[in-house]
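A.B. asks: When the sequence shown is numbered by the numbering used here, its final residue is 1389 and no position is left out of the sequence of numbers.
Each residue gets a CB set at the ideal place from its N, CA and C atoms; glycine is no exception.
Quick one: the structure is below, and I'll ask about it shortly.
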Amino acid sequence: MLRKTFIRKPRTLVLAFALVLSSCSGSAPEANKTVDVVLIGGGIMSGTLGTFIKELGPTTSIEIYERLAEVGEESSQVLNNAGTGHSAFCELNYTPEAADGTIDTHKAVDINEMFEISKQFWAYQVTQGFIKDPKTFINNVPHMSLVWGDKNVSYLKKRYEALQKHTLFQGMEYSEDREKLKSWIPIMMEGRDPNQKVAATHMDMGTDVNFGSLTKQLFANLTTKEGVKLNLKHEVQDLKKNDDGTWTVVVKDLNSGDKTAVKTKFVFVGAGGGALKLLQKSGIPEANGFGGFPVGGLWLVTYNKALVAQHQAKVYGLASVGSPPMSVPHLDTRVIGDKKALLYGPFATFSTKFLKHGSWWDLPGSLDMHNLMPMIYTGLHNLPLVQYLIGQLMLNEDERLAALKEYFPNAKLEDWKLEVAGQRVQIVKKDEKEGGILQFGTELVTSGDGTIAALLGASPGASSAAPIILKVLEKSFAKELQNPEWQAKMKAIIPSYGTTLDNNVEVQNQVREASHKALQLKYFAVDGQGNATIK
Ligand SMILES: Cc1cc2nc3c(=O)[nH]c(=O)nc-3n(C[C@H](O)[C@H](O)[C@H](O)COP(=O)(O)OP(=O)(O)OC[C@H]3O[C@@H](n4cnc5c(N)ncnc54)[C@H](O)[C@@H]3O)c2cc1C
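Written as structure tokens, this is what we have:
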């Protein structure tokens, strides 16, 4: 019967066959629209790039595609990340101890300089009236590091002394005095072993950032501009380079199932965990050899008002030996709209998804002939990471509570609930010597001609959105950036553009005064002699 129906309808058969063929051949549908820029993904990175481009070149047309029903709902969403405004005040992994016992401060200074750029970019959004109230996305929460045990206390003291040589870190306090520590972090000191040697640093000008709220507000402003269109529930499925150097981007409307194509001069793959797949589809040689290893996270979160009222800091500790940098435990104050919460974690999880709202096929589907060997070598060279992940996956409720109690000794399970954080896709990269290496930072991959740029990785993440996007502009809009109008506008957005702040007292004070005032944040004014005054 079935056979008969098919034979009676040969035209249906031919049509079905043609459809299957066209979906397998990979040929892109004819583009029915042409724009200057396509942004893939509605996270903080695309929001930042779109905002920069529209300010610098107001006539640029931009088409944005986001597969979810809202922007800022993947890694940039408030509880999918820790909201730390990474400035290396408290993150001990940015200041490693060298074999000779000295502290390497290079990375810490770089990270701090990057965050100063992001704050200037956000301050511009506020002074222009694009974002009305900075408190909706950034708030002062002191940044602290807390360690215990002789070896760790000695490390923290050396770290503090090394950082005091940099004006960006002046204003930081160091203490081993338990009474002082109790005044900074009462709930972390009550119930602690009185014989435990402890030390902490405290930086009053640390921040908590709601990157989700910021992302939504960047897009809300961006989409009021002429020539900008945001397409929600639209998934980019393919990218093809055209002979004339432009790109055809194939998009599926997830409501209707329809596929369309758009032609553009420049594509930004700001798809977070989805970036690797699209980069591979682009076929650019620069993408070869990259792979991704997903690590998810869990937080313990409490909204208990009495507890929240007693803790006002982001307190980072030391990662346990053999564990990766993103596993550093911390107990954080979070500001979420008019609510506050405490968050402890992260506990690592494993799934093959590259996005929280992704597919189980993400990891297996990302393997190709260029990254298979690097992935295998990376696995073999990172057995401690594998062991760490297995250990984390086996943790039960009581073991998680025990981990929390190292930071908050009197914690009670009933006050806390588990929340799933975002997915991080750690970069795996081909390496001549090792075969493959795991990288914990962020990598900007750009084609030789600059017509496509993609961001892989997640650290230091959203905090460095503005400096990362400056790199995209310098590579892909190099000619336009020479234009005096672009230059002047750039200086208006980032007054420190082209200079660094560290040990550059006058500029540091000027820049911090302007950006912190606009963002309604405290800052330290320095005098170049090692003295710092809170403003
Ligand atoms: C557990 C955890 C803790 C973190 N803590 C911090 C922190 O304390 N401080 C900090 O600065 N950073 C932190 N980060 C990193 C930070 O969250 C990310 O670096 C940042 O949010 C990445 O922004 P993005 O725009 O690149 O990606 P996302 O915010 O993930 O946005 C990408 C968007 O692209 C969309 N997309 C994907 N594929 C497609 C497609 N094919 N078509 C259309 N749309 C697509 C997704 O739906 C998503 O909305 C943390 C991350 C995690 C996971």
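In whole angstroms, give me the CA-to-CA distance for Y1157 and W1340.
C.D. replies: 46 Å
A.B. asks: Does the Cβ-Cβ distance between I918 and L1084 come in under 7 Å?
C.D. replies: yes
A.B. asks: I need the straight-line Cα distance from E945 to K1113, nearest angstrom please.
C.D. replies: If I take the Cα positions, the gap works out to 45 Å.
A.B. asks: CA-CA distance, V1282 and D1031?
C.D. replies: Approximately 43 Å, taken between the alpha carbons.
A.B. asks: Between the C-alpha atoms of H1224 and G1143, what's the straight-line distance to the nearest angstrom?
C.D. replies: 5 Å
A.B. asks: Verify the contact flag: G1124, CB atom, against every heavy atom of ligand 1, threshold strictly below 6 Å.
C.D. replies: G1124: yes, Cβ under 6 Å from ligand 1.
A.B. asks: Rounded to whole angstroms, what's the CA-CA distance from G1233 to P1200? Just pull it up for me.
C.D. replies: 22 Å
A.B. asks: Give me, in chain order, the residues of the same chain whose beta-carbon lies closer than 6 Å to that of P1321; leave out the 5 immediate sequence neighbours on both sides.
C.D. replies: The residues are M968, I971.
A.B. asks: For G1127, name the three-state secondary structure that DSSP assigns.
C.D. replies: helix
A.B. asks: In the DSSP assignment, find the alpha helix (DSSP H) that holds Q979 and state where it starts and stops.
C.D. replies: 960-981
A.B. asks: For the region 1354-1369 against the region 999-1014, are there 3 or more C-beta pairs whose distance is under 8 Å?
C.D. replies: no
A.B. asks: Is DSSP giving K858 helix, strand or coil here?
C.D. replies: Confidence at K858 is low in this model, with a pLDDT of 39, below 50, so its placement is unreliable and no value can be given for it.
A.B. asks: Give every residue of the same chain whose Cβ lies closer than 7 Å to the Cβ of K973, excluding the five residues on either side of it in the sequence, and list them in chain order.
C.D. replies: S1369, L1373
A.B. asks: Give the straight-line distance between the Cα atoms of N966 and T1078, rounded to the nearest whole angstrom.
C.D. replies: Their Cα atoms are separated by approximately 32 Å.
A.B. asks: Let me check understanding here. Comparing Cα to Cα, which of L933, A1308, L1093 lies closest to K1271?
C.D. replies: Ranking L933, A1308, L1093 by Cα distance to K1271 puts L933 first.
A.B. asks: Out of T888, N1049, G1137, G1060, point me to the one whose CA is closest to H997's CA.
C.D. replies: G1060
A.B. asks: Where do the N-terminal and C-terminal ends of the alpha helix (DSSP H) with N1006 fall, by residue?
C.D. replies: 1004-1017
A.B. asks: Of the residues K1284, E1288, S1318, N1064, which one's Cα is nearest the Cα of A1195?
C.D. replies: N1064
A.B. asks: Measuring alpha carbon to alpha carbon, tell me which of F1294, L1327, S1205 ends up nearest P1314.
C.D. replies: F1294
A.B. asks: How big is the Cα-Cα spacing for T1390 and T949?
C.D. replies: Because the chain here runs from 855 to 1389, residue 1390 falls outside it and cannot be looked at.
A.B. asks: Report the residue from L910, V980, G1146, S1317 whose alpha carbon sits nearest the alpha carbon of W1215.
C.D. replies: G1146
A.B. asks: Helix, strand or coil: how does DSSP classify G1289 here?
C.D. replies: strand
A.B. asks: Per DSSP, what are the beta-bridge partners of W1101 in this structure?
C.D. replies: K1095, T1118
A.B. asks: Can you determine whether any heavy atom of ligand 1 sits closer than 6 Å to the C-beta of A1275, and answer yes or no?
C.D. replies: yes
A.B. asks: Got a sec? Which residues, its chain only, sit under 6 Å from Y1198 by beta carbon, not counting five neighbours each side?
C.D. replies: L1154, L1185, L1258
A.B. asks: Near E1089, which residues of its chain fall below 8 Å by C-beta distance, leaving aside the five closest residues on each side in sequence?
C.D. replies: For E1089, where only same-chain residues beyond five positions count, the Cβ hits under 8 Å are Y919, R921, V1105, K1106, L1108.
A.B. asks: Which residues in the same chain have their Cβ closer than 7 Å to the Cβ of S999, if we skip the five residues on either side of it in sequence?
C.D. replies: C944, L946, L1010, A1054, T1055, Y1170
A.B. asks: Can you list, in chain order, the residues of its chain whose CB lies under 8 Å from that of E1328, leaving out five sequence neighbours each side?
C.D. replies: L1335
A.B. asks: So who's on the other strand from E1089, going by DSSP bridges?
C.D. replies: K1106
A.B. asks: Taking a contact to mean a Cβ-Cβ separation below 7 Å, would you say P1220 touches L1130 in this structure?
C.D. replies: Note on residue identity: the sequence assigns Ser, not Pro, to residue 1220. Yes, the Cβ-Cβ distance between S1220 and L1130 is below 7 Å.
A.B. asks: Could you tell me the distance, in whole angstroms, from the CA atom of S879 to the CA atom of G1126?
C.D. replies: With a pLDDT of only 44 at S879, under the threshold of 50, the placement of this residue in the model should not be trusted, and no figure is reported.
A.B. asks: Let me make sure I understand the geometry here. Which of I1306, E927, K887 has the alpha-carbon closest to that of V1121?
C.D. replies: I1306
A.B. asks: Need the endpoints of the beta strand (DSSP E) that S1029 sits in, please.
C.D. replies: 1027-1029
A.B. asks: Compare the beta carbon distance of D1047 and G937 with 7 Å and say whether it is the shorter of the two.
C.D. replies: no
A.B. asks: I'd like to check one pair, S1317 with H940: are the Cβ atoms closer than 7 Å?
C.D. replies: yes
A.B. asks: How would you write the range of the beta strand (DSSP E) that H1235 sits in, first residue to last?
C.D. replies: Segment 1226-1235 is the alpha helix (DSSP H) holding H1235; no beta strand (DSSP E) there.
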